[in-house]
Amino acid sequence: MFGVLGAGNGCSPLSAMHRLVPGGPDEQNLRWGNGWVLGHTRLAINGVLNGSQPYTSPGLHGLFVGEIYNYKELASRFGISLSTSGTDGEVILPLFAKFGPDFVRHLEGMFSIAIMDVRDVTSLYLYTDSCAIKPVYYLPKHDTLGFASEIEGLPNFEDDDREIHANAFDRYGAYRAMLGRQTIFPSVKVLEPGTYLTFRNGKTEIIEYTPNAALFAEGADTVRDFEHDFGEGVKKTLMTDVPVCTTLSGGLDSSLVATLASNDPRMTHAYNVWYQGNWKEDETAYAREVAAASGLEYQQVTVRHDRFPDQIQAMCRSLSQPNAAAHCLSTFELYEAIGKAGFKVALVGEGADDFFGGYDRMYDIAVSNGDDDAINAYVSDLAAIKPDLRKNLVSDDAQNARLGEEFTDFLNSLPGDSLIQKVLHFEARHRLPYYILHRVDALSMAHSVEARVPFCLPTVYRHALFAQDKDLIGAGRRKAPIYRAGSSVLPASVINRPKQPFLLPIAGMFQPGYPVYDLLMDTIATPSVTAPIVNVAALREMVERNQQSPSNKLGNAIWAWLIFELWGQEHNVRIG
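Plus 119 on top of the position in the sequence shown (first one is 1) and you've got my numbering.
Here it is in structure tokens:
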């Protein structure tokens, strides 16, 4: 979706629409009025034959992408009439008319919404869900505000907006992505989770909200009820009129999603992705075992070395912001295969580690005394390019020497009675949306696939928000509610296996003879974007050290630079 409000905005709606077609190939529509434009590109999932947008009612026009899982319940409760083939978005404008801008509290789902209210003073309202699974980018300019699901789809995004600050690369290297409301482009913002924006008379206001579904009724057993709520959450994400599949890494979270979803006759296929060759990180055996145990047809997607150069550049084009996740490429190819197989919906396991404490760095904090060494180790683990490497790689005038100190101050300011509670709040609200969910949304929608995230449903993640530390993590426990839920339905091998992040074994691929190595060396020879801010000699020295002794530390750092440089080239970025 995209749009703009403001007299004389001079936007290019057809260009914006063209950019968003891969995520909405089934139908494209425009609506406009005095000083405003709304545009929608549709991926038809529910009410396939009767879901055209924008929606309209007296004085209101609306757009919506994503899914509202409780729309039938809302329609029944508030007397909203649905069309014969009823689509979930049909409840939006009636609820807005009844409750005003705060109607969003009633919704449970993954969504971005835009409403143009022309009943009095023309006003624009923008919404994202409580986890910001579906991003909303916006660009204030003079007395105009443009918005879109992707930055390149912003109808008022111009060449002057493509200049970024010199220290952007340093911050990206420290956090693997650009975290927070401010995007890498100084003029472009993105809605934070659980917020909505109002734009009227040239003025912008951001309001926070908490969905009703994220709250417990008085007396609820927040620990015991997790298994029930998660099972119901998986059922909600299966709400679809089109084929649905699941992604399956072989880890606990995706395995639990796949196993519970397999009870629905519409769920028949599980997709796993890995890389050509023999790599010690390979966990496909676990994925095969889970698929066989749950009766799902196992589909193996193999990322071939000869495709790396072209696929990396296509992947970078699909990302609104650079992302240093080492497995971005495999995710991109996974959804390519899913889309080509005819699936429009895939269930995924993201969010479990972030809400429930699944990462090793979280556990280390939970069992530490919260001293400086523990926090420094935590900050270092967040980085794609470790602090000692950034010090040599990034030019002095492009470094932010206070990044670590700023993060510690920010962490201490977050809600929570303990350090681990502050860390969990940071991971779920300030890292998960920007580093993980926006990446998954971009890479899946590039292939016309909607990735649905059961662990990010309010009725599911609330169990983490209201849990005691001892009920989640520490003293040998990681994401304890999820392990309890999986213990009776998953193979013992999956329950008992050690935690392993899904990685691209890139350190071993940055060697002569691999096509990605040739791409790397060609790019180092002519770094058109990062040349002003990166010490190329230090970068070459890192590549040589990795050839002699491959390591994740060096491989991930080199990969992070390569992705930033190629992403910048694909999006015509320049350093200011």
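For every residue, glycine included, the Cβ atom is placed at its ideal position computed from N, Cα and C.
Only a predicted model underlies this, so the values are computations on that prediction, with no experimental measurement involved.
Bridge-paired residues (DSSP) for residue i
i       : result
Pro-144 : Arg-161
Asp-236 : Leu-179 and Ser-242
Tyr-390 : Thr-366 and Gln-418
Thr-578 : Beta-bridge pairing links Thr-578 to no other residue.
Trp-151 : Val-156
Leu-466 : Thr-365 and Arg-571
Ser-231 : Val-184 and Thr-247
Val-653 : Val-513
Ile-325 : Leu-316
Phe-629 : For Phe-629, which the question treats as bridged, DSSP gives no partner whatsoever.
Leu-124 : Trp-155 and Leu-264
Ile-694 : Ile-283
Gly-593 : Arg-596
Tyr-174 : Gly-181
Sub-7 Å separation of residue i and residue j beta-carbons
i       : j       : result
Asp-289 : Ala-444 : no
Glu-455 : His-544 : no
Tyr-112 : Ile-457 : Nothing in the structure corresponds to residue 112, since the chain is present only between 120 and 695.
Leu-438 : Ala-561 : yes
Met-235 : Trp-155 : yes
Val-223 : Gly-178 : no
Asp-344 : Val-579 : no
Gly-292 : Ile-504 : yes
Pro-634 : His-424 : yes
Ser-373 : Gly-476 : no
Tyr-174 : Leu-212 : yes
Glu-271 : Arg-138 : yes
Leu-508 : Asn-654 : no
Thr-302 : Val-309 : yes
Asn-442 : Asn-286 : no
Gly-181 : Arg-161 : no
Phe-276 : Leu-245 : no
Gly-708 : Val-542 : Nothing can be reported for residue 708: it is not among the residues displayed for the chain, which extend from 120 to 695.
Ser-306 : Asp-278 : no
Arg-696 : Ala-333 : With the chain running from 120 to 695 in the structure shown, residue 696 is simply not present.
Val-210 : Thr-359 : no
Ile-199 : Leu-226 : no
Asp-262 : Gly-321 : yes
Ala-611 : Asn-671 : no
Glu-327 : Gly-313 : yes
Ala-583 : Phe-474 : yes
Closest residue to residue i among the options (Cα-Cα distance)
i       : options                               : result
Leu-243 : Arg-558, Leu-448 and Phe-121          : Phe-121
Gly-185 : Thr-366, Val-255, Ser-437 and Asp-492 : Val-255
Asp-383 : His-424, Arg-319, Pro-362 and Leu-438 : Pro-362
His-446 : Pro-624, Ala-471 and Tyr-294          : Pro-624
Thr-329 : Gly-158, Tyr-315 and Gly-476          : Tyr-315
Thr-206 : Val-572, Asn-654 and Ile-164          : Ile-164
Lys-253 : Ile-270, Val-376, Ile-643 and Ser-231 : Ser-231
Phe-183 : Phe-574, Ser-268 and Glu-689          : Ser-268
Ala-135 : Leu-273, Gln-172, Trp-151 and Leu-576 : Leu-273
Asp-479 : Gly-595, Pro-259, Met-661 and Met-358 : Gly-595
Ala-433 : Asn-169, Glu-689, Gly-125 and Leu-162 : Glu-689
Leu-149 : Pro-141, Gly-158 and Gly-143          : Gly-158
Cys-722 : Thr-645, Phe-574 and Met-661          : As shown, the chain starts at 120 and ends at 695. That puts residue 722 outside it, with no answer to give.
Glu-311 : Trp-678, Gln-587, Ser-200 and Ala-547 : Ala-547
Leu-658 : Val-420, Ser-532 and Ser-514          : Ser-514
Thr-365 : Glu-346, Gly-414 and Ala-496          : Gly-414
Asp-472 : Ile-494, Gly-627, Ile-555 and Ser-532 : Ile-555
Met-628 : Val-422, Gly-152 and Asp-588          : Val-422
Ala-412 : Asn-397, Gly-461, Ala-377 and Asp-401 : Ala-377
8 Å contact criterion, which residue i and residue j should meet: CB distance rounded
i       : j       : result
His-549 : Gly-370 : So it is not a contact: roughly 23 Å between Cβ atoms.
Ala-604 : Asp-590 : The Cβ separation is near 13 Å, so there is no contact.
Arg-571 : Leu-466 : 5 Å
Gly-352 : Leu-193 : That belief does not hold up - the Cβ atoms of Gly-352 and Leu-193 are roughly 17 Å apart, past 8 Å.
Gly-687 : Glu-282 : The pair is not a contact, with the Cβ atoms about 11 Å apart (cut-off 8 Å).
Leu-538 : Gly-489 : 4 Å
Thr-649 : Trp-680 : 7 Å
Ser-202 : Asn-169 : 5 Å
Gly-338 : Leu-379 : Their Cβ separation, rounded to whole angstroms, is 26 Å, which puts Gly-338 and Leu-379 out of contact at 8 Å.
Leu-357 : Arg-319 : That pair is no contact at about 39 Å.
Phe-427 : Leu-673 : Between Leu-673 and Phe-427 the Cβ distance is about 18 Å, and since that is not below 8 Å, they are no contact.
Thr-387 : Glu-346 : Contact doesn't hold; Cβ gap of about 24 Å is too wide.
Leu-501 : Tyr-294 : 6 Å
Tyr-602 : Ile-592 : That belief does not hold up - the Cβ atoms of Tyr-602 and Ile-592 are roughly 11 Å apart, past 8 Å.
C-beta neighbour in chain B for residue i, strict 7 Å
i       : result
Val-363 : Reference to chain B is not applicable here, since this structure consists of a single protein chain.
Any alpha helix (DSSP H) of 4 or more consecutive residues that is wholly inside the stretch 483 to 527: 491 to 501 and 506 to 512
- prompt: What beta strand (DSSP E) runs, 3 residues minimum, are completely inside the stretch 236 to 320?
  reply: 242 to 247, 256 to 260, 263 to 267 and 314 to 319
field: Contained alpha helix (DSSP H) runs [length at least 4] in the stretch 524 to 548, N- to C-terminal order
entry: 538 to 544
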